[in-house]
Every structure is written in structure tokens, then in C-alpha cells.
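Notes for the one structure printed next.
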Amino acid sequence: MTASLNLLPAAELVAGFGSGAWDPVDAYEASVAAVRELDRHVNAIVMLDEEAGAQAAKESARRWQSGETLSPVDGVPITIKDIVLTRGWPTLKGSSLVDSSGPWEDDAPATARLRESGAVIFGKNTTPEFGWKGVTDSARHGVTRNPWDPSRTSGGSSGGAAAATALGMGTWSVGTDGGGSVRIPGSFSGVVALKPTYGQVPVWPASAYGTLSHVGPMTRTVQDCALLLDVLARPDARDWSALGAPASSYAGALDGGVAGLHVAFSPDLGYGHNDPAVDAAVRAAVEVLADLGARVSEVDLGLDDPVEAFHVLWFSGAAKVLRGFDPEALTRVEPALAQGIREYGLDASAADYLDATEVRMSLGQRMGELHRTYDVLVTPTMPITAFTAGQAAPDGWPSWLWTSWTPYTYPFNMTQQPALTVPCGFDSDGLPIGLQVVGPRHADALVLRVGQAYEQATGWHTRRPPLLNQV
15 MTASLNLLPA AELVAGFGSG AWDPVDAYEA SVAAVRELDR HVNAIVMLDE EAGAQAAKES
75 ARRWQSGETL SPVDGVPITI KDIVLTRGWP TLKGSSLVDS SGPWEDDAPA TARLRESGAV
135 IFGKNTTPEF GWKGVTDSAR HGVTRNPWDP SRTSGGSSGG AAAATALGMG TWSVGTDGGG
195 SVRIPGSFSG VVALKPTYGQ VPVWPASAYG TLSHVGPMTR TVQDCALLLD VLARPDARDW
255 SALGAPASSY AGALDGGVAG LHVAFSPDLG YGHNDPAVDA AVRAAVEVLA DLGARVSEVD
315 LGLDDPVEAF HVLWFSGAAK VLRGFDPEAL TRVEPALAQG IREYGLDASA ADYLDATEVR
375 MSLGQRMGEL HRTYDVLVTP TMPITAFTAG QAAPDGWPSW LWTSWTPYTY PFNMTQQPAL
435 TVPCGFDSDG LPIGLQVVGP RHADALVLRV GQAYEQATGW HTRRPPLLNQ V
């Protein structure tokens, strides 16, 4: 029994805590056992603190026994992407530029809220250098691999968080998303991931990528995603741009279904191109929503790809990251990162940045107008499935830039809308495919509700990576 606790959804896990069927120590030990058995296949965990995890689990077990739990998810095991500050542990951000000696005295808002909830934080997940790209590998920590096929990439930049979650190396994880970084690996690794409305989860220190950057939950079910968002979406005075506390629980608003909702379906946003397997799976998912009572309309958005504007915003932020290090930092980071900074970031003027911001504002206006008619927009999360691990792009791809194969994610960082990915099928190689649900700003609850209705009508989220059958 204990060995399977790491794969239970949080709601079932804490029900067992309450009934006495098992306790947080059992759940923690199951998660750590999964790390010991499986991480050698995927390289998702950059730091494991078994002593701290065991102590937190014991304290949670005592609270359950005494009826003094800190929250409804007290005792749930979780890992955190190594971009997010964790008191007492190094946050190395996948870069040799970061001095591991610290001191490491602060928790980021997400970490602080997790501690306050009683969650058992026991490790940190891999990231590419400074979270800059859509795959997860770095000179400091190596290549992170896909839980469904370790010869493939897990995606990125929250690829370690996605792989860990898919394999039960923790019930949940916390990732970051500046251009797709929870949704790309969510799609590639077959997990649920939400980029919330900007400001819904406070961020501190402020990201060099500015208001493109979000912190979001990564889980195996939509309900768990909502439960984790309930924990993370609490105010923190250190983030002046954070939104106020939600008026109600996200987990409590999941069950309204989709009947009567007007859903816009765009297979390509007007400029993308999908693998046939992706196109078929997403169209089938749209039919499920229609069968559930949604009014689905395929729309031609006619958008121009905002990628050039995104590059100015993104690589200007990357250049800002390196200004915190020595003058030779640009020669000491990943060559592709340095190339992107040189091409798009170093010479960008204030006028260039404002021009890119104008593109961003225009895109936001277009999406705002769309949502006057449609409750949500659904698209593929990714136009492809996972490609070879350790590569920047698929074989034969015309561009080395990660944005060239992630056309449906970064636009919604520019517009700050909530965007959820849920598993919606597999290709002929057994690799996951994701469906993206996008809502108007502040409609996180609606996006989760649509994802929940789809998940409950299908069984994709119940499938498990073959690695789990090999241990």
C-alpha cells in the first residue's frame, strides 16, 4: 500500500491521513522511494534533503493525530523548481555563475505559503540555466529526460518538476512559466500544469523577465492543480504587483461543467503547424467538450506571430539576469543563451522595448475582444510531441530558438491570461499530447472548471509512464 501512495491524488492522500489508513510519513517515504528508484532514469531532482523531509512529515503526522492541521493539504509531499527560493537550500538556477555558498535565508512567496500549509517540501527540481528555454538541460546539472521515454526531452524550463510529478516523486511540484515553462513540459510529460493570471501567485524577488514570468502548480490531476493554487494564491507584501486573495476556493469551484459555455477552438492561432497526431488528438478533445454541452466554434484568429516582440522582451530580461554577475558572465553561460542575448537583448533600445510592449498590448486587446464572445479558447498546448533529449530543437528543425516550436504558449505570457494544459492523448510512440485551455484574465477558476470537466470525461490522466512498471 505504502509504495503506491506517491501516485495518489492529494485529495485521496489526505483522506487517508484523516481516516488513519496512512499518515504523512508513509506518503513522504513513498515519494522518496520513487526518487531513489526512478530519478536515475530522468535526472529531475537537483537536491534532495531527506532529513528535512522526514522531519516535516513527522510534524505533519503529529498534527493530524492531534486534530491541529494547518490546512486541508497538510502533509502532502512536494518538490520545487530550482528557480524558486527555499530557505536553507541553495537556489542555483542551473548555472555555474551562482555561488552555492549562500547564505540562503529567504523563502519565495510560493515556498512560504507551502510551509504555512504544512506541505512536506523535500527537494528541488532541475532547470535549464536561468530557466531560459523550453527544454531542461544545463552544464551544471545535465540533461533531464522524459518520464514516458528517457531518450526524449521532458520539455522545459520546468522539466524537472514535470518529470518528478509524472513519476510520483512527490505529489505536486511548483514551476515557473515565462513563455510556456510549465505548459511545455506539462504537455510533453503528460501532467496538468497551470500558468495562472499574472499576479495571482506572488513572485519575489521580481523576475528579470518582468511581467512575462509566472509561478504555477504542476500536478497529475486538475483537482490537485486547484488545491495547490489555493495554497499558492495568497498575498505576499513583497510583491507589489500581486493580486488580492481569491474570493473563494479554486478547488471548490471545479464542478460546474461546461454545458452552455461558448468555446473558441483555434488549431493553430493562425500561424502554427501541428503534427497530424497532435491535430487529431486535440480535435477529438474538442468533440468531448461539445458532447458535454459546450457550444464549440472553430475560429480563425488571424493573428500575426508575436515572436519577434517576445524575443525583445525575453532576451532583454536574460541580459538583465547576467548584469548581476561579473563582466565576463556572457562568455560563461550556455552558448545558445549567449547567442540569444547578443542577437535580441544586448542592443535592444528603450524604443525597441516599447515597440515590443505595443505588440503585447495589441495582442491583449485582441484576446480581450475574443472573450467578449467566447468564454474560453482551446488550442493544442504544443504542435509536436517530445523530441530527442539534449537537443535544442527537433531533428531538421529550421531554427535553434525554442520559441520556434512552442508557438501556442508564449503569446499568453504576453497577455497574462490563465492557461492550463491537460493530457488529451498520445502519439504512436506513446508520447503525451496536451490540450491548452485559455481564459480571460482573472478567470482561473473557469479554466480549471473546463479542464476538470474534460478530465472527468476521459481517462488520459490515469495512464502512467512505462518506467513505473519497471521498478
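Taking our numbering as reference, the numbering of the sequence shown is continuous, increasing by one, and the terminal residue is 485.
Just so you know, even glycine gets a beta-carbon here, dropped at the ideal spot from N, CA and C.
- With contacts defined as CB atoms closer than 9 Å, S280 and L391 qualify as a contacting pair.
- Between T420 and I198, the CB-CB gap stays under 9 Å.
- Going by beta carbons, T150 and S168 fall inside the 9 Å limit.
- Selection A68, T225, S363, W162 evaluated against Q484 yields W162 as nearest (Cα-Cα).
- Looking at the DSSP output, I92 bridges to I135, W186.
- By the 16-neighbour rule on beta-carbons within 10 angstroms, A247 is buried.
- A contact between stretches requires three or more CB pairs, one per stretch, nearer than 8 Å, and the segment 299–310 meets this requirement with the segment 266–274.
- Under the three-state reduction of DSSP, R54 is assigned to helix.
- Under DSSP, P394 forms a beta bridge with L449.
- Note: W103 is bridge-paired with T100 in the DSSP secondary-structure output.
- Annotated as proximal: W474 and G204, with beta-carbon spacing under 9 Å.
- Cβ atoms of D250 and A256 come within 8 Å of each other, at about 6 Å.
- In this chain, the alpha helix (DSSP H) harbouring A333 covers 321–336.
- With contacts defined by Cβ atoms closer than 9 Å, T393 and L275 do not form a contacting pair.
- Counting C-beta pairs closer than 8 Å gives fewer than three between the segment 143–158 and the segment 31–40, which falls short of the contact rule.
- Non-local beta-carbon contacts of S413 in its own chain, meaning distances under 7 Å to residues more than five positions away in sequence, involve A407 in chain order.
- For A352 and P210, the gap between their C-alpha atoms comes out near 29 Å.
- Per the coordinates, the alpha-carbon of E348 lies some 11 Å from the alpha-carbon of I355.
- The C-beta separation of F136 from M396 comes to about 30 Å, leaving the pair out of contact by the 8 Å criterion.
- Between the alpha carbons of R374 and D318 lies a gap of roughly 12 Å.
- Taking A68 as reference, the option from G81, A58, A44 with the minimal CA-CA separation is A44.
- Around the beta carbon of S227, a 10 Å sphere encloses 16 or more other beta carbons of the protein chains shown; the residue is thus reported as buried.
- Annotated three-state conformation of E43 is helix, per DSSP.
- Taking one beta carbon from each stretch, the segment 294–303 and the segment 438–454 have 3 or more pairs nearer than 8 Å; the two touch.
- The alpha-carbon of G378 is positioned some 9 Å away from that of F426.
- Excluding residues up to 5 positions away in sequence, P397, I398, T399, D441 lie with their Cβ nearer than 8 Å to the Cβ of D289 in the same chain.
- Non-local beta-carbon contacts of Y212 in its own chain, meaning distances under 7 Å to residues more than five positions away in sequence, involve T225, H228, Q430 in chain order.
- In terms of CA proximity to D253, A124 leads the group T105, A124, T472.
- In this structure, the beta-carbon distance from N139 to D96 falls below 9 Å.
- With a threshold of 16 other beta carbon atoms within 10 Å, D314 falls short and is exposed.
- It is roughly 25 Å from the alpha-carbon of V56 to the alpha-carbon of L27.
- Around the beta carbon of D361, fewer than 16 other beta carbons sit within 10 angstroms, so the residue counts as exposed.
- Counting along the chain, E383 sits inside the alpha helix (DSSP H) bounded by residues 364–387.
- In the DSSP assignment, G439 falls outside any alpha helix (DSSP H) and within the unbroken beta strand (DSSP E) covering 433–440.
- Between the C-alpha atoms of L336 and T371 there is a straight-line separation of about 22 Å.
- In this structure G453 touches P432 by the C-beta definition: roughly 5 Å separates them, less than 8 Å.
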